[in-house]
Structures are given as structure tokens and as C-alpha cells.
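There are 2 protein chains.
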Amino acid sequence: MAFSSACKLQDPVTIADKLFLDLRRAILVGEIPAGKKISEPELAASYGVSRGSLREAIGKLENCNLVTRKPNIGARIIGFSTPQLIEIYQIREAMEGMAARLAAENMSEEEIDRLNAILERHKLEIEQHQGYSQEDVDLDFHFSIIQGSKNIRLIRMLCQDLYDLVRFYRFRLKSGFHRSEQAFHEHNLVVSAIERRDGEMAETLMRHHIRASRDYARKMLEATVAQNEG
Amino acid sequence: MAFSSACKLQDPVTIADKLFLDLRRAILVGEIPAGKKISEPELAASYGVSRGSLREAIGKLENCNLVTRKPNIGARIIGFSTPQLIEIYQIREAMEGMAARLAAENMSEEEIDRLNAILERHKLEIEQHQGYSQEDVDLDFHFSIIQGSKNIRLIRMLCQDLYDLVRFYRFRLKSGFHRSEQAFHEHNLVVSAIERRDGEMAETLMRHHIRASRDYARKMLEATVAQNEG
DNA sequence: TGGAGTTATAATGTCGACACTATAATGGAA
DNA sequence: TTCCATTATAGTGTCGACATTATAACTCCA
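Going line by line, the protein sequences match chains A and B.
Read in order, the letters of the first sequence correspond to residues 1 to 230 in the UniProt record's numbering.
Read in order, the letters of the second sequence correspond to residues 1 to 230 in the UniProt record's numbering.
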């Protein structure tokens, strides 16, 4: 599942960790609406835990960039904003570009095989027009390459911190928002560069891919706004 | 001062925040040695605060990547490792490269003036052989460009999270470790590209600069190890 | 003597209560 | 009626105590 793939906790042993995972899922899925203020007593009661544990969980959510806190005022779920989405794409372009470069240098043949398997799955799902699961396959693709970089800190910064935000936005934009065929093609190019161990080219292609996604998202958002205004 | 420049808290209003800043400084400066395990009761007593506040501060330190925690075992200050330092350089290359590109697009003329003032200061300190303060000027240079990107999340990820690590390592490598003249020259090249609003070139030059720093650090570390072994 | 099992100790996780702060509600004066 | 001051309320920050877990010390047996 797409949630567990980037999870930092194998099995949450402590209450605060369980709570953290619960809340994270609830936020990403939209059970807790974006921008909502968190009432510590209320939430603690509804989950049947103490405020202390809840506060610890909120602290972790803050690290994932899913909530913001102000002293003496409280925490609230992050909101949706187009400029922020663009910012995230810019960061992804830089970091995942580097990840692709390193992956070309460091991935094992076995890992590249698994990467090709993901492409195969993507192809199948496009042929069957399974729009809903194509987003999972897209995440799997990007995660595999990030993992392949073997740069542990880079992996953590992307998979743990930034990709929670990616999921947050993706979930709220999922309606007919994919450019699967084009993305699939770009994915293939990246993998072929990795297979040739051409790090420079892998980085260039990955950056192009993410930039294209960004431009597409921007266009769609502008169209949506225009539609709402008209 | 170099510490406050990237500080996320204007004035720490809460005990936990004050404690966080205190501990962060102590770790970066080496007052608390690298790799040391944290005893919550002990630290709380020595700072005269409750364990709750201390735990909150430790949580924040964990976000800054300065301590690591394991459930039911505890927290310890991060250790020093050459591979990790290389990882950080790789990430900086990607992210600061992007920052330089964006800075070329978004920096105001006034900000560029301030950038040139930093270069001027750097030049002066080289002429006066003030090795100790050249590291501060170097940090100021990089921070200014990162700020100039105007990408708020990028700024936060670099200045708040990654650069604490940079300081951590820098403080432990500071003995005769600078390549100031070369770095100064590379800084000038980056700024000239920004002045010309050439984002592509600014990114290339910044990446080159950071890669050169990385190679230099690696060489110095290998020499040090060889020296210790011989 | 060495090692496994057991006990003892210290540390972390969790909780409920109190203090202080911010916000909402209320009341009074212009 | 409107605005400001005051009070009331809810919420966050902080603390000390208890429960649970990991580690160290110890004992007993082979």
C-alpha cells in the first residue's frame, strides 16, 4: 500500500506513534479537513488517549509538515495553496533529479528489474484504464528511484517529509488529473538512462518529468479556477 | 551571528523553545559531545525544567536531525561519519543549485547589493587572514542565496533542517580546513550569474562550488585518517 | 569459571492536575 | 447602537507521579 511504503515506523510500539500514524492517514485522506484547527482536549478524548501522547504525535505531524503550530495558540492542519504546490514541485525537481543520478550509479541489477516490473504494471493499468491505481504506481516508481539513490538522508527527506505533502495535495486533486500516458513514457526514459548507468541523463530526464508534471498541474489548476470564476 | 540567522524562533516564548535553542547551541558547539546518550532526568535536572518540557525540546532537536530517538530506549546526539557528510553535500548540491537558479530569477536588486557586500567582506577577511570568521561569511553567503530563492519551503528545509547538520560537521572540522581563496572565487562567479539573471548558469556554478567543497572535504578527511593510521 | 536465569535498578512512556494565556461573552459608557 | 473594558471560558504550557520497559547486577547451576 502506498501509505506504508514510506513509513518511518515498522510497527508503532508506542501510543504516540500509533496515534501519529492514525492522524497522518486521516489528514492525508481528508478525514480531517485541511486548515482545521486542532483542539487537543477534543482530539485526545476522541482517540481515548492523554493530551501528553497527543502532543507528542502532533509534534511528529509538524515534522511531516502536515500541521503548523503557534505557541500558546495551537496547531492546525495545513491548508491548500497553489504557490505551495509549485514550491514542492521545484524542490522535487532538484532532489529527485539528484536521486535519479545517484540511482543510476548505485542501483543493483535486481532493483532495476523491480523498477521495470513497476513500469510493466503501469503499462497494464493504462491499457485497462484503471485511473485510480495509477497514482499508486506512480508513487511506487518515484519511491523506488529515491531508494535506489542509497543516500539515506535524501531518502528520509523525500519519503518521510516531502512526500506526505505530495500525497496531501494529490488526494485533493485526484479527479481526472493524471497524464498517465505521457508520464509513463517519461518514466521509461528515466529507467533506460538508469539501465545505461548514465547518471547525468537520468537526472536530466527526471527533472524534465517533474517539470512537466508541475506545468500540467499548474495548467489544470488555472483552468479549475477559471471555471469556478466563469 | 551565525546561529540566529537561521533560527526559526524569533524570541522563544515557551520554556521548551528556550531549552531547544540552548541544547541546539550546546550540541553544535560541542558542549554536549557527539554520540552521547541523553538522560532525560539528568538533563532536566541540570536545566531546572520538567521532563515534559525537555521531551518537547528533544522532539524539536530530532526534527533538526541533531538527535535520534528509539522507542523505549532513548535519545542520543548524532555521531560523526564521513559517509553522512558526503550525503549532505550531495543534497546541498541539488537543493542549493536550485536555490541559486531561483535566486537569479527572484532576487531584488537590493538583495543582490547585500550579496555583493558579503563578497566584499569575504575579500577583506581573506586579505587579513582571518580564518576563523571566514566560515561565518561563507554561511552568510549561502543563506542569502537560499533566502533569495523565495521558495519558503526550500528555505526552511535548508536553513532549519540541513544547515544545523552543516554547522555540526563544520565545527568539528574547523581546524585549517578552509579553501577560502578558491571558494571566494567561486562565490563571485555565482553572484555574477545572478546579476545577469542567468538562472541556468547560477545553478551550474553553485553545484560546481558545492561539489568542489565536497571533494576538498573528502580529500582532507582521507588525509586525516591516513595520518592517524600512519 | 562461564553462562543462563532472575532480580533490582534506572529510564522511558503515559497520565491527570494545575498555571498561564488567548479568545469569547458580557456589560457599561459615550 | 457602537466601541471599549471587564469578566468568563476554553485551551495550551508545565509539572510531578505512576506504569511499563530496558538494562545492569546478581545468583545459581553446569
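Using N, Cα and C, we set each Cβ at its ideal position, and we do this for glycine too.
DSSP places G74 (chain B) in the strand class (E or B) of the three-state scheme. Scanning chain B for C-beta atoms nearer than 8 angstroms to the C-beta of P71 (chain A) yields V13, T14 and D17, reported in chain order. Unbroken alpha helix (DSSP H) runs of no fewer than 4 residues, entirely contained in the UniProt domain "HTH gntR-type" (13 to 80) of chain B, are found at 15 to 29, 40 to 47 and 51 to 63, following chain order.
Residues of the stretch 142 to 160 of chain A with a C-beta less than 8 angstroms from any C-beta of chain B: N151, I152, R153, L154 and M157, listed in chain order. With 16 or more other Cβ atoms from the protein chains shown falling within 10 Å of its own Cβ, H209 (chain A) counts as buried. Between L66 (chain B) and L28 (chain B), the C-beta gap is smaller than 9 angstroms, which places the two residues in contact. In the displayed model, D198 (chain B) falls within coil according to three-state DSSP, outside both helix and strand. A straight-line Cα-Cα distance of about 34 angstroms links Q182 (chain B) and I194 (chain A). Look at the beta carbons and you see the stretch 184 to 193 of chain B touching the stretch 204 to 221 of chain B: at least three pairs across the two are nearer than 8 angstroms. In the pairwise beta carbon analysis, the stretch 134 to 149 of chain B is classified as touching the stretch 110 to 126 of chain B: at least three pairs are separated by under 8 angstroms. R179 (chain B) carries a coil assignment under DSSP once its states are collapsed to helix, strand and coil. The closest CA to that of K37 (chain A), considering only A:D17, A:I73, A:G52 and A:L54, is found on A:I73. Not a single CB atom of chain A sits nearer than 9 angstroms to the CB of Q128 (chain B). For L19 (chain B) against V49 (chain B), the beta-carbon gap comes to about 6 angstroms, under 8 angstroms, which counts as contact. No Cβ of chain B is located within less than 9 angstroms of the beta carbon of I210 (chain A). Note that the C-beta distance between A104 (chain A) and M95 (chain B) is not below 9 angstroms. Collapsing the DSSP output to three states places Q128 (chain B) in coil. Here the alpha carbons of I146 (chain A) and A57 (chain B) stand approximately 30 angstroms from one another. Taking the beta carbon of N63 (chain B) as reference, the chain A residues within 7 angstroms of it are N63, listed in sequence order. Contact annotation: C159 (chain A) and F141 (chain A) have beta-carbon atoms that are not nearer than 9 angstroms. Here Y89 (chain A) has I210, R211, S213, R214 and A217 as same chain residues with Cβ atoms under 8 angstroms from its own Cβ, once five neighbours each way along the sequence are excluded. Taking a C-beta distance under 9 angstroms as the contact criterion, L221 (chain B) and L173 (chain B) qualify as a contact pair. In this structure, M201 (chain B) sits away from L154 (chain B), with a CB-CB distance that is not shorter than 9 angstroms.
Comparing alpha carbon positions, the residue from B:S39, B:E31, B:Y47 and B:S81 closest to I152 (chain A) is B:S81.
For E40 (chain B), the closest C-alpha among the options B:A26, B:T68 and B:A75 is that of B:A75.
Using a CB distance cut-off of 9 angstroms, K37 (chain B) does not count as an interface residue toward chain A. Judged by DSSP in its simplified three-state form, M206 (chain B) adopts helix. For L54 (chain B) and M107 (chain B), the gap between their C-alpha atoms comes out near 39 angstroms. Counting along the chain, the unbroken alpha helix (DSSP H) around R172 (chain A) starts and ends at Y163 to R172.
Counting other Cβ atoms within 10 Å of its Cβ, K219 (chain B) stays below 16 and is therefore classed as exposed. By the 16-neighbour rule on beta-carbons within 10 angstroms, G30 (chain B) is exposed. Against chain B, the CB of L23 (chain A) has no partner CB under 9 angstroms away; the residue lies outside that interface. The CB of A94 (chain A) comes closer than 7 angstroms to the CB of A94, M95, G97 and M98 in chain B, given here in chain order. The beta carbon of Q182 (chain B) sits no closer than 9 angstroms to any beta carbon of chain A. Around the beta-carbon of V166 (chain B), 16 or more other beta-carbon atoms lie within 10 Å, marking it buried.
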